[in-house]
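Residue numbers (my numbering), protein chains in the order written: chain A, 1 to 217; chain B, 1001 to 1217; chain C, 2001 to 2217. From the three backbone atoms N, C-alpha and C, an ideal C-beta is built for every residue, glycine too.
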Amino acid sequence: MTILWGLNITTVLDLLGTFAFAISGIRMASGKNIDWFGAYVIGLVTAIGGGTTRDLLLDVTPFWMQDATYLVTTGVALLAAILFKDRLFRWGNTLFLFDTIGLGLFTIVGISKSVEAGLSYWVCIIMGTITGSVGGVLRDVFLNEVPLLFRKDIYALACVAGGIVYFVCYQFELVAPMPELIAALTVIIIRIIAVKFHLHLPVLSSIQSRQDKSKSS
Amino acid sequence: MTILWGLNITTVLDLLGTFAFAISGIRMASGKNIDWFGAYVIGLVTAIGGGTTRDLLLDVTPFWMQDATYLVTTGVALLAAILFKDRLFRWGNTLFLFDTIGLGLFTIVGISKSVEAGLSYWVCIIMGTITGSVGGVLRDVFLNEVPLLFRKDIYALACVAGGIVYFVCYQFELVAPMPELIAALTVIIIRIIAVKFHLHLPVLSSIQSRQDKSKSS
Amino acid sequence: MTILWGLNITTVLDLLGTFAFAISGIRMASGKNIDWFGAYVIGLVTAIGGGTTRDLLLDVTPFWMQDATYLVTTGVALLAAILFKDRLFRWGNTLFLFDTIGLGLFTIVGISKSVEAGLSYWVCIIMGTITGSVGGVLRDVFLNEVPLLFRKDIYALACVAGGIVYFVCYQFELVAPMPELIAALTVIIIRIIAVKFHLHLPVLSSIQSRQDKSKSS
């Protein structure tokens, strides 16, 4: 019974995360002379790109090939974007929350799948981070921009932190689903704090040649 | 005997399709300060990128690793582009026909391979579409442009339609190679009609914030 | 004893190559509003992107998932870039040498892994070239530029030449590690000569339509 309830919660969160990721892709594709089909593909890639990369690296069947839900959810996201586009921004905070919950959840799903595959803890943390963040990188590459991930906010680093917390929890012999829950919350809280307080890492300044340097100084 | 003849037809069409796809990559690479080797690689990626992505997702050996024909054909395409470049545009319509035949054929090859792998019909349709269209997406990403696929004409959608027709044919218990033939023709005809009559999907207009909106209105 | 020494040499060269590839990624990321984490990821992708692509195509576990050295080396490269950035250019020639040695070594590693997998010699040569050059292509795609590989110098072609030399050596029944050594030296020497004497392939000029042509002439 508890398991069933747990499954339902995860399924619902997974759908909300997929929806929010897809909307983020569709939104960034809008106003760039991209047609509905293109917007759908970019939304889909944003939503499933991370998990697909993880599954290719783990050499397992990509998750979306076994369950049409992800394609349908992206379709619903596109419909919502077309029908309610004026209202989408009023939902801004709600969508950010979905997106952040999705990030936390996707990260933990990525870690769990890698733990099951018997990988070292540091590979699992990387797989969690890939699951959470590669979709957005692909979205930006397709839209011909330098990926936001490399430039703004703390995003992938929240996944890394959540991954570390996950293994620390298991080290302290907490039982499932506590480590999963605490790790997902870690990702979500770090992400919210980072956005709220505009936290970001230092930018890497130009590594210029001495010639360029002498010119500019 | 019929089978042999059938094989030959498929092989010839496959080669023509590969040639046309490679030329499309090489042509778009031309005049952009790209050297012969770069043009070869971009032509090759355009020709084999879709099938390679499909094979990675299906977890089978990429098709071009088992048959050097695709590399050689791309080499011939590069040679043709270097030697006959002034005449290539006079071939414009012929090349478009090859490209469209290639699209139809590649789509059906992608679907058939996925059916053999025992996948659901909707995954097969996606694999057909990936086989037909991802090469062009990779070409555009490497040339640092937003993929044409997302912006112009009806292209991937023709693959999707062909895929649906394929399974409808099998539903009506047509026997091979009828469904394959009808589905490929569907792709080809939709593509030709779309280009001839400038059909395209609606563009997704900007989903702007209320702030931006009030400024612009 | 000799084997141990051989292993150590390979390990040291592998680390130097990884370091140089990572630095090349981090350097190109610098001054582009990219934060430390982004620079780390781009350095990592430059260093391991080629080998990862090869391993996905060969359907084996990506090499860096079995050995954390590559992640740590990239971390050291980032630290060096942050701490010693003013001095990094004084090391210019040394870094170019590392990078070139890395290219030679990565190419041979790619070929050897493919030979072990029982692939045709021409697939092995492609795999060697992919191992040596795809990392730089991914770096440029992420930084939103047309890959240098397609535009400048002789780079991937040095890998192809090294691969051919490798199989010629085995044809003449040289025993390991002679073919490996000679092939790696071929890559390194061709690359150094190409850079020193500014050798490059012809650029593919624009394949324009007759209309465009009549306008411009």
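* **Coil, strand or helix - B:D1035 by DSSP** => strand
* Whole-Å CB distance - C:I2026 paired with C:A2039, under 8 Å assumed -> 5 Å
* Asked: Just curious, the alpha helix (DSSP H) that B:W1122 is in, first and last residue?
  -> Y1121 to F1142
* When the distance is taken between beta carbons, is C:L2199 closer than 9 Å to C:I2207? -> no
* Which residues, in chain order, does the region 2149-2179 of chain C contribute to contact with chain B at a C-beta distance below 7 Å? -> L2149, F2150, R2151, A2156 and L2157
* So which of B:G1049, B:F1098 and B:C1124 has the shortest CA-CA distance to B:V1165? -> B:C1124
* Could you have a look at B:V1146 and say whether DSSP puts it in helix, strand or coil? => coil
* To do: Taking B:I1207 as the query, report the chain A residues whose CB atoms sit under 8 Å from its CB, ordered along the chain.
  => I26, R27, S30, G31, A81, K85, L88 and F89
* To which residues of the same chain is C:E2116 closer than 8 Å at the C-beta, ignoring the five residues directly before and after it? -> none
* With DSSP collapsed to three states, give me the class of A:V175. => coil
* To do: Specify the secondary structure class of A:V165 as computed by DSSP and reduced to three states.
  => helix
* **Per DSSP, cross-strand counterpart(s) of B:V1203** => A:D35
* Interface flag, C:P2202 vs chain A, CB-CB below 9 Å -> no
* Skipping 5 residues on each side, what residues in its chain have a beta carbon closer than 8 Å to that of C:L2015? -> Excluding five sequence positions before and after C:L2015, the CB atoms of its chain that fall closer than 8 Å to its own CB belong to T2069 and T2073, given in chain order.
* Residue nearest to A:T100 in terms of C-alpha spacing, selected from A:R139, A:C159 and A:E145 -> A:C159
* Coarse secondary structure for C:I2154, derived from DSSP in three states -> coil
* To do: Determine, using beta-carbon pairs with one atom in the region 2051-2063 of chain C and one in the region 2169-2181 of chain C, whether at least three such pairs fall under 8 Å.
  => Output reads no: the region 2169-2181 of chain C does not touch the region 2051-2063 of chain C.
* Asked: To the nearest whole angstrom, what separates the beta carbons of B:G1104 and B:R1054, a pair I think is in contact under 8 Å?
  -> Actually they are not in contact, since the Cβ atoms of B:G1104 and B:R1054 sit about 16 Å apart, beyond 8 Å.
* Would you mind working out which of C:L2201, C:G2136, C:D2153 and C:S2030 sits nearest C:D2086, comparing C-alpha positions? => C:S2030
* Asked: Under a CB-based cut-off of 9 Å, is C:V2012 close to chain B?
  -> no
* Quick one, which of C:G2135, C:I2126 and C:V2146 has its alpha-carbon nearest B:Q1066's? -> Ranking C:G2135, C:I2126 and C:V2146 by Cα distance to B:Q1066 puts C:I2126 first.
* Asked: Which value, in whole angstroms, describes the spacing of the CA atoms of B:F1096 and B:I1188?
  -> 11 Å
* Give the DSSP-derived three-state secondary structure of C:T2018 in the structure shown. => helix
* **Minimum Cβ-Cβ distance from B:I1034 to chain C less than 9 Å** => yes
* Along chain B, which residues have their Cβ under 8 Å away from the Cβ of C:D2055? -> Chain B residues near C:D2055: none, gap ~11 Å exceeds 8 Å.
* To do: Please go through the same chain and pick out, in chain order, the residues whose beta-carbon is closer than 6 Å to the beta-carbon of B:F1019, but skip the five residues on each side of it.
  => In its chain, beyond the 5 residues on either side, T1073 and A1077 have a beta carbon closer than 6 Å to the beta carbon of B:F1019.
* Contact set between the region 2130-2148 of chain C and chain A, restricted to residues whose Cβ is under 7 Å from the partner -> V2141, F2142, L2143 and N2144
* Endpoints, alpha helix (DSSP H) assigned at A:G75 -> Unbroken alpha helix (DSSP H) run through A:G75: T69 to L83.
* Under a Cβ-count criterion, where at least 16 other Cβ atoms within 10 Å of its own Cβ denotes burial, should B:S1205 be classed as buried or exposed? -> exposed
* Asked: At a Cβ threshold of 9 Å, is A:F19 touching chain B?
  -> no
* Can you name, in chain order, every residue of its own chain whose Cβ lies under 6 Å from the Cβ of A:Y170, other than the five neighbours on each side? -> P179
* Beta-carbon neighbours of A:F63, restricted to chain B and to distances below 9 Å -> None at all; the shortest Cβ gap to chain B is about 11 Å.
* Asked: Does DSSP classify C:G2043 as helix, strand or coil?
  -> helix
* **chain C contacts from the region 109-123 of chain A (Cβ-Cβ distance under 9 Å)** => L119, S120, W122 and V123
* Minimum Cβ-Cβ distance from B:I1048 to chain A less than 9 Å -> no
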